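To keep things clear, I will list the structure first and then write my remarks on it.
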Amino acid sequence: MTIKEVETQITDEFSAFDDWLDKYTLIVEMGKSLPMIDPGFKTDQYMISGCQSKVWLKAEYKNGQIFFTADSDAIITKGIVNLLIRILSGRSPDEIIQADLGFIDRIGLREHLSPTRSNGLSSMIKQMKLYALVFKTKEEGLK
Amino acid sequence: MNFPIDQIRQEFPILDQQIYNQPLVYFDNAASTQKPMQVIEAIKKYYEHDNCNIHRGIHYLSVKATEGYEETRQIVRDFINAANSREIIFTKGTTESLNLIASSYGKRFLNSGDEIITTIMEHHSNFVPWQQFCLEHGTIFRVVTLNDKGELNLEELKKMISEKTKLITLTHVSNVLGTINPVKEIISYAHRYDIPVLIDGAQGVSHMPVDVQDMDCDFYCFSGHKMYAPMGIGVLYGKEKFLEEMPPYQLGGEMIKDVYLDHTTFNELPFKYEAGTPNVEGVMGLRAAIQYLNKLEMRNIVEYEKGLLEYAVNKLNGIEGIRFFGTSKNKASLVSFLIGDIHPYDAGTIIDKMGIAVRTGHHCAMPLMDYLKVPGTVRASFAFYNTVEEIDRLAEAIILIKKIFQTRKT
């Protein structure tokens with residue numbers, strides 16, 4: 010599936026709920042679902058510190074694709090982290106760099122990505138794109 | 002007195018609105034209070050009729066604006082019962098007042114090896130300026146800790162005092178715990194050893210009568226916007242003997258007496274510390290806010306807010322799993338809490354969706370959060386326009402949060 014297709018899939022999953030409470034319950038479920046990073050990587054080195062919540066992010070580059078694992082200390086943040094990983098992990102650097110992530114707006118969670126919200130998410134997206142740029146540059150350097 | 006809550010709420014236009022289709026509940030008063038019509042009108046009137054740069058001018062408007070500004074200094078003096086209006090300096094807010102003292106008092110009175118005592122419950126604005134001054138000048142920075150109610154360890158503070166101590170700086174009321182510190186006792190003890198005491202009154206003035214002469218503090222700082230006045234205006238009270246001795250903080254217009262090619266002489270108090278065009282609009286708003294508080298009478302405000310706090314503590318205490326931070330008997334009207342181990346960001350997000358404004362996070366007191374070993378707290382801080390019905394809505398929100406985050410745990 011392309012990024013766009015996964016975005017549409019997520020938008021559909023959320024469109025089943027009109028009520029904010031149901032949407033947040035779904036996000037919370039996604040946040041509780043799994044440990045998304047090896048606990049050994051929950052260190053300062055991998056931490057993106059927001060004023061409100063923290064995010065840990067690790068990236069690995071294999072066969073032209075970037076695989077992300079991440080976690081957060083807040084469950085709502087973690088739920089959104091989960092969505093971002095579902096969309097961006099296992100993609101090529103170019104796909105990640107070009108992703109506009111408009112689905113967040115469509116499912117009504119845009120406020121959580123605002124830098125002023127300071128939960129680590131907007132910095133996390135920046136960091137994911139930066140990883141993509143770095144892996145892409147490295148690869149082109151090798152050619 | 003029967004507190005005229007309905008009339009008061011009508012005087013705060015911002016309260017009459019819907020957030021996410023529910024009536025707004027504003028419980029973020031420790032961050033900033035809302036403004037009554039009287040304050041909003043005063044600013045409007047100033048710009049419609051009296052706006053002009055103050056001092057220096059000899060024309061009608063300048064004289065009128067100057068009079069309004071200087072009368073307000075007198076009103077502030079009366080409000081905190083300072084000995085004279087030369088001791089009242091207008092600043093941008095508590096942060097600027099504290100930075101001014103750290104810089105000017107520091108330059109004049111603090112040397113390498115001297116000690117400053119502060120507390121672990123300080124807001125960053127009464128912590129970082131001193132910490133940085135100490136790092137730069139080799140002054141030693143000592144920090145008093147708390148007991149499990151969130152009260153200062155007074156014995157620890159007393160033991161820290163030595164002949165090297167040159168200043169004690171602490172908050173009147175903790176912005177996180179609500180603890181009202183026994184400032185009068187601390188000041189009287191410190192003065193036995195001739196140690197001046199600075200009080201950060203940002204969370205104090207709006208909740209209780211303040212008499213700086215009775216308290217005998219050497220400095221007292223507060224912000225307009227936390228006491229129903231506009232943002233960008235604040236006050237530094239300092240005893241004349243210190244303000245006279247300390248060098249100016251910022252240089253420029255207004256604060257000079259004579260300027261020559263090779264040197265400058267400085268203006269007298271209070272103008273020495275008010276460089277540049279001041280926030281006259283803010284001063285006019287502050288004046289209206291103080292007049293508003295005086296009309297309500299601080300003792301009535303204290304009584305009403307005490308009722309709100311008691312109601313909130315009882316109501317929220319009934320919810321299983323709630324953990325309060327700050328349980329002193331001497332407490333201003335705020336509650337800081339966590340619900341089980343639910344992250345404050347998660348709790349705050351749901352509370353917001355219920356139309357309730359609370360603050361979550363570290364509340365600009367990261368050393369205190371580390372000390373309490375929490376990532377942050379949820380803080381509901383009350384003002385005299387809040388009601389017990391609003392507290393009921395907060396309790397409902399907390400019960401909902403428990404349902405979302407705890408019972409559905411996999």
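Protein chains in written order, with the numbering used here: chain A, 10 to 152; chain B, 2 to 411. Backbone N, C-alpha and C fix where the C-beta goes; we use that ideal spot for every residue, glycine too. It should be emphasised that the depicted structure is a prediction, and the values quoted were computed from it without experimental measurement.
Buried or exposed by the 16-neighbour rule on C-beta atoms within 10 Å, applied to residue i
i	result
T119/B	buried
I302/B	buried
T411/B	Its pLDDT being 38, under 50, T411/B is placed unreliably by the model, and nothing is read from it.
Y33/A	buried
R409/B	Since pLDDT at R409/B reaches only 40, below the 50 mark, its modelled position is unreliable, and the value read off the structure follows with that caveat. Exposed, since its Cβ has fewer than 16 Cβ neighbours within 10 Å.
P130/B	buried
T92/B	buried
T125/A	exposed
H173/B	buried
M10/A	exposed
Y55/A	buried
S42/A	exposed
E282/B	buried
T52/A	exposed
A313/B	buried
Secondary structure of residue i, DSSP reduced to three states
i	result
S189/B	helix
S104/B	helix
K36/B	coil
Q23/B	strand
S101/A	coil
L118/A	coil
A290/B	helix
Q74/A	strand
T411/B	Low local confidence applies: a pLDDT of 38 at T411/B is under 50, so the model's placement there is unreliable, with the coordinate-based value given in what follows. Residue state, collapsed to three classes: coil.
K404/B	helix
G58/B	coil
A31/B	coil
A83/B	coil
C222/B	strand
K46/B	helix
G308/B	helix
Y261/B	coil
T11/A	coil
Test item: CB-CB of residue i and residue j under 8 angstroms
i	j	result
Y293/B	L16/B	no
Y106/B	F272/B	no
V379/B	T361/B	yes
L168/B	I196/B	yes
S382/B	A43/B	no
F223/B	V198/B	no
A398/B	K316/B	no
E16/A	F76/A	no
M137/A	I57/A	no
H208/B	C365/B	no
I94/A	I36/A	no
G341/B	Q251/B	no
N82/B	D212/B	yes
I19/A	A108/A	no
K108/B	P248/B	yes
R394/B	I357/B	yes
M310/B	S334/B	A small correction: the amino acid at residue 310/B is Leu; Met does not occupy that position in the sequence shown. Yes, the Cβ-Cβ distance between L310/B and S334/B is below 8 angstroms.
L101/B	Y238/B	no
I117/B	F80/B	no
G277/B	G308/B	no
G151/B	G322/B	no
V40/B	Y229/B	yes
L153/B	N176/B	no
Contact set between residue i and chain A, taken where Cβ atoms lie within less than 8 angstroms
i	result
I405/B	L30, Y33, T34 and V37
K354/B	W29, L30 and Y33
Amino acids of chain A, ordered along the chain, whose beta-carbon sits closer than 7 angstroms to that of residue i
i	result
K374/B	Within 7 angstroms Cβ-Cβ: nothing; K374/B doesn't reach chain A, min ~13 angstroms.
G362/B	C60 and Q61
Contacts that residue i makes with chain A (C-beta to C-beta distance below 9 angstroms)
i	result
I351/B	L30, Y33 and I85
Listed by chain order, chain B residues near residue i by CB distance under 8 angstroms
i	result
S62/A	H344, Y346 and P376
N128/A	Y346
Contacts of residue i in chain B (Cβ-Cβ under 7 angstroms)
i	result
D80/A	In chain order: nothing, as chain B lies at least about 12 angstroms away.
N91/A	The contacting residues do not exist; N91/A stays about 14 angstroms from chain B at best.
Determine contact between the segment 117-125 of chain A and the segment 4-20 of chain B, defined as no fewer than three beta-carbon pairs at a distance below 8 angstroms.
no
Assess, as a yes-or-no matter, whether the segment 183-194 of chain B is touched by the segment 10-24 of chain B under the definition of 3 or more beta carbon pairs within less than 8 angstroms.
no
Assess contact between the segment 256-275 of chain B and the segment 63-73 of chain B, defined as three or more Cβ pairs (one per stretch) separated by less than 8 angstroms. Is contact present?
no
Do the segment 283-298 of chain B and the segment 131-148 of chain B make contact, defined as three or more Cβ pairs closer than 8 angstroms?
no
Does the contact criterion of 3 or more C-beta pairs under 8 angstroms hold for the segment 82-92 of chain B versus the segment 223-239 of chain B?
yes
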